[in-house]
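Residue numbers (full-length UniProt numbering): 1 to 808.
Structure first, then comments.
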Amino acid sequence: MAEEAAPVKSSPQKSLRRRRKELRHRAQSLVEGATDPWEEVEEYETVIPEGSEDEFVDEETAEIAEEVIEFTYTIRELGAEMILGYTWWSLIHGIAPMIWFYPLNELEISGYEAFVVTVLSPIFTGFSALLQFSGTIHGLAFWRVLSLVGVASFQAPTTLIRLIMLAFGCGTAMLWFCGMIWNKDPKERVLSFWGLVLGFFLLLTLRISYITVNPIWSDVTSNRVILLIAVIATMDRVYTGYMMSISQSGPPSKSPTEPQDSRVSGPGWLLVALGFGALMFLTHDVFGEVSLVCRWAVSGYPDTGPKPNPWGAAVVIALGVGVLLSRQHWTSNLLWWLIGSAGAAMLYFAPRFWSFIGGLILGVYTMSVWPAMIDRLFCRPVARTLTLANVVYIVLTLGSVWVVAYNFVPGGEYTRERTHVLLGITMVLIGLALMTASTPDVKEAYGKMKKEEKASSDQKSSDGKSSPNKKAVAVKFNNVAFLEEHGDRFWFFKTHVIPVLFCLLIASSVLMGMRYQRHEYLTPAQEEQKKFSAMIWTVHFAYDNVGWPSFERAAQMINDTGADVVGFLESDCSKPYLGNHDLATWFEERLGMYSDFGPSTRDHTWGATLLSKYPIVKSHHHLLPSPEGELAPALSATINITGDLVDFVVVHMGNDRDNLDRKLQAQELARIMDESPNPVVFLGYVTSSPKSRDYRTLIEKGRTKDIDETDSDRWCEYIMYRGLIRLGYARISHGGLSDTEVQMAKFRIPSPGKPYRDNDVLTTSAKDVPNDVRFSNRFGSFYKGHYSAWQHHYHMSTPKYFLPADKR
1 MAEEAAPVKS SPQKSLRRRR KELRHRAQSL VEGATDPWEE VEEYETVIPE GSEDEFVDEE
61 TAEIAEEVIE FTYTIRELGA EMILGYTWWS LIHGIAPMIW FYPLNELEIS GYEAFVVTVL
121 SPIFTGFSAL LQFSGTIHGL AFWRVLSLVG VASFQAPTTL IRLIMLAFGC GTAMLWFCGM
181 IWNKDPKERV LSFWGLVLGF FLLLTLRISY ITVNPIWSDV TSNRVILLIA VIATMDRVYT
241 GYMMSISQSG PPSKSPTEPQ DSRVSGPGWL LVALGFGALM FLTHDVFGEV SLVCRWAVSG
301 YPDTGPKPNP WGAAVVIALG VGVLLSRQHW TSNLLWWLIG SAGAAMLYFA PRFWSFIGGL
361 ILGVYTMSVW PAMIDRLFCR PVARTLTLAN VVYIVLTLGS VWVVAYNFVP GGEYTRERTH
421 VLLGITMVLI GLALMTASTP DVKEAYGKMK KEEKASSDQK SSDGKSSPNK KAVAVKFNNV
481 AFLEEHGDRF WFFKTHVIPV LFCLLIASSV LMGMRYQRHE YLTPAQEEQK KFSAMIWTVH
541 FAYDNVGWPS FERAAQMIND TGADVVGFLE SDCSKPYLGN HDLATWFEER LGMYSDFGPS
601 TRDHTWGATL LSKYPIVKSH HHLLPSPEGE LAPALSATIN ITGDLVDFVV VHMGNDRDNL
661 DRKLQAQELA RIMDESPNPV VFLGYVTSSP KSRDYRTLIE KGRTKDIDET DSDRWCEYIM
721 YRGLIRLGYA RISHGGLSDT EVQMAKFRIP SPGKPYRDND VLTTSAKDVP NDVRFSNRFG
781 SFYKGHYSAW QHHYHMSTPK YFLPADKR
């Protein structure tokens, strides 16, 4: 009988290879969803013949190469998901401004608001066949391809067709979201979720590079390029998913907790739906662009608080920190929620940098709870949970409209100036949803894990082997965004998500730094005759008369006018239904002008902005008396024009239906101008006719003079002044770029020590004035009557010029 061979000890190299194979097996099991990814790998003791070490070296080299290939393959999948996640966020962010365009133009509920119901498409996943189809490779590809119709809507020929295409794209994007989050393949869920999160950071990074504008909605060229990239990413995901499925031996593994409507019973689904809708709104409303927190915290010169450039980089970093903390279990507890709520309170109530710090705290909290919220969402019935969540998101978005536009919406008197209430409701709903973590299922899973650990430890201790120090379990309640664990981090998050996230954060910071370094102010050279031009324009939130963004065309028009100081009205575009744009920052950097944005976003106004080629010395932001109607924004600023201080007042007064408001506002504006120690230029939207009560108040009590008292065909925009010499006055048609014309005036600052004498002789002949006084010929020449063609042109009997009396 042959003697049994004695066991041979493993070499250190062999043990290392065996350990690597074990770790790789466990990591692969985590991604591919093995039923027990942390089951012990059987150890084999093999006798290594002498002289065969090279074979094992080659095997180790092959294993390393295989790991590298697998890593790059997964990074490629994650990259494709990140691009698709970016398009998903862009579609969801794009629908509200397109719907809001109609009531904005008609100043009433238009009926087109009904298109928002397409976002409620998850209700159809109540049909199990549709949900199962959505979770397949081809189902996801089908919805993703259809959602790209929404991206292509930017190239639609008409506003209505664009709205229809965009609404359709958003509806299918929501079905794509259902297929991602409730997918039976755990690897697909992990990739899709983190692709969605990284897609949000890609959105912020691209908006930094385009100065607050989302390139997908910026211009046709960018839209087409992104559309092509999204198509390629979609096809790549189909290909990689197909190759993965045919490479697997046997049927695909299933998660221990497959989606099914009956998985969690009780009212928990209701709280999760409310919380997820609130989280979606908070992420969109406050962090849809990195400048928004700064615009909540802004104040007047010289202490303006944090400027969006470069402080916006801190916002995206805070959001990234939130993602890094999202792996911690305590992000779902009450104390962390209280910290996040304190940040929200600071953002709304605190001044300047303290408000900004509160926004950073809220940003960390917001992103830290996304994985926990998605896990709770996964464990609930698909159709009713996500449909109700989207209803909450829609209602809260409408609430952000109601708190500002309460003069034009039903029940507005109960919601006016209630942003703090809206923010409080949002935080409460998120907190209630996260309370659902304390369920018997989770406690039972943790208890089972602890018992298994203890039993395994006792058994191995009795065998003389060291007890394991790393153990993980797939908890029933938390298995979508990550696996609950004890000891090791989830390898995919650590080796894939974090590196990509860091790359995006570095790119965001570098892009913001580049913007900061290359930005310069184009202050005109000093002149002996100190002349400047001032312009007033209701920019209409940088959307033209058919609903397309008008940033570049507006900048070109301002450049063509040669205006030195510009008063922008209807310029607070930071709200979600206005695109989350920072209009002041965009024009400041594009035109090389100083900007003053005020009052802040949290002050419930449509916004007033001052742009100046000359430095702004100081400014104050005003909320004018508005007991009946909407809050009227105003700002008064002192500008240093070639060594002389000139005060400017920019205002958007209340609607003409609010008689008391306009009376009180005119009195307050007159007081501000009357108390000004410097020459004054009033650039205002008055909503009153010439010679009316409010007009007379501004002229008489404000001690100002109308730039052209003979122009009786005005209603809203007025230019008034004191202590300056008027040189010219022009009205430029809107050319479809806005719903309001442009008005301009040219002035000369009187020389000190000389008697003040204004120009009173009016002429419409440009030949009567020097070249440096004439208005630009880019808008034609003198034009009598209203110019209504789709281009900018002088109209309403302008340009006009004013000459000294001795020129009569």
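Just so you know, even glycine gets a beta-carbon here, dropped at the ideal spot from N, CA and C.
Same chain, Cβ closer than 6 Å to residue i, five either side skipped, listed in chain order
| i | result |
| --- | --- |
| G139 | F133, G179 |
| E700 | none |
| Y718 | G684, V686 |
| A240 | Residue identity differs from the one stated: residue 240 is Thr in this sequence, not Ala. Counting only Cβ-Cβ distances below 6 Å, and skipping sequence neighbours, we find E77. |
| H620 | G300, S636 |
| V369 | T331 |
Whether residue i touches residue j by CB criterion (9 Å)
| i | j | result |
| --- | --- | --- |
| A314 | P306 | yes |
| T212 | V151 | no |
| G513 | P752 | no |
| A372 | L434 | yes |
| I208 | G320 | no |
| K531 | R748 | yes |
| T366 | G399 | no |
| L206 | N214 | yes |
| V116 | F201 | no |
| T415 | V428 | no |
| V286 | G363 | yes |
| P605 | S595 | Here residue 605 turns out to be Thr, not Pro, going by the sequence shown. Taking 9 Å as the Cβ cut-off, T605 and S595 do not qualify as a contacting pair. |
| V149 | T234 | no |
| A534 | C573 | no |
| G85 | L196 | yes |
| A666 | L698 | yes |
| G135 | N105 | no |
| S147 | L91 | yes |
| L611 | E588 | yes |
| A167 | M82 | no |
Per-residue DSSP class, three states only, for residue i
| i | result |
| --- | --- |
| M180 | helix |
| Y718 | strand |
| D596 | strand |
| F543 | Residue identity differs from the one stated: residue 543 is Tyr in this sequence, not Phe. Strand, per DSSP. |
| L624 | strand |
| Y794 | strand |
| S574 | coil |
| I725 | strand |
| W586 | helix |
| V391 | helix |
| K531 | strand |
| I211 | coil |
| T304 | coil |
| S612 | strand |
Sequence-distant residues of its chain with Cβ nearer than 7 Å to residue i (five each side left out)
| i | result |
| --- | --- |
| G780 | H793, Y794 |
| T397 | A96, F281, P576, Y577 |
| R726 | I707, A745, F747, D758, N759, F802 |
| V264 | For V264, the predicted structure reports a pLDDT of 47, less than 50, and the residue's modelled location is therefore unreliable. A value from the coordinates is still provided. So the qualifying residues of the chain are C379, R380. |
| G736 | D544, N545, W790 |
| I123 | A383, T387 |
Buried or exposed (CB count within 10 angstroms, at least 16 for buried), residue i
| i | result |
| --- | --- |
| S788 | exposed |
| R237 | buried |
| L360 | buried |
| R515 | buried |
| S128 | exposed |
| G579 | buried |
| residue 813 | Shown here, the chain extends from 1 to 808; a query on residue 813 therefore has no answer. |
| Y335 | Contrary to the premise, residue 335 reads as Leu rather than Tyr in this sequence. That one is exposed. |
| G785 | exposed |
| R671 | exposed |
| H496 | buried |
| N777 | exposed |
Same chain, Cβ closer than 8 Å to residue i, neighbours up to 5 away in sequence not counted
| i | result |
| --- | --- |
| V220 | F154, Q155 |
| K800 | D708, G728, Y729, A730, L762, T763, T764 |
Practice task
Kindly provide the ranges of any beta strand (DSSP E) runs that are 3 or more residues long and lie completely inside the region 743-787, ordered along the chain.
Solution key: Taken in chain order, the complete beta strand (DSSP E) segments of 3 residues or longer contained in the region 743-787 are 761-763.
Exercise for the section: Enumerate, from N- to C-terminal direction, the unbroken beta strand (DSSP E) stretches of 3 or more residues contained entirely within the region 631-705. Expected result: Whole beta strand (DSSP E) segments, 3+ residues: 632-641, 644-652, 680-685.
Exercise for the section: Only counting runs of 4 or more residues, tell me where the alpha helix (DSSP H) segments fall wholly within the region 326-373, in order along the chain. Expected result: Within the region 326-373, the complete alpha helix (DSSP H) runs of at least 4 residues are 334-349, 352-368.
Problem - Segments assigned alpha helix (DSSP H), at least 4 residues, entirely inside the region 117-197 - result: Listed in chain order, the complete alpha helix (DSSP H) runs (minimum 4 residues) inside the region 117-197 are 128-134, 137-152, 159-181.
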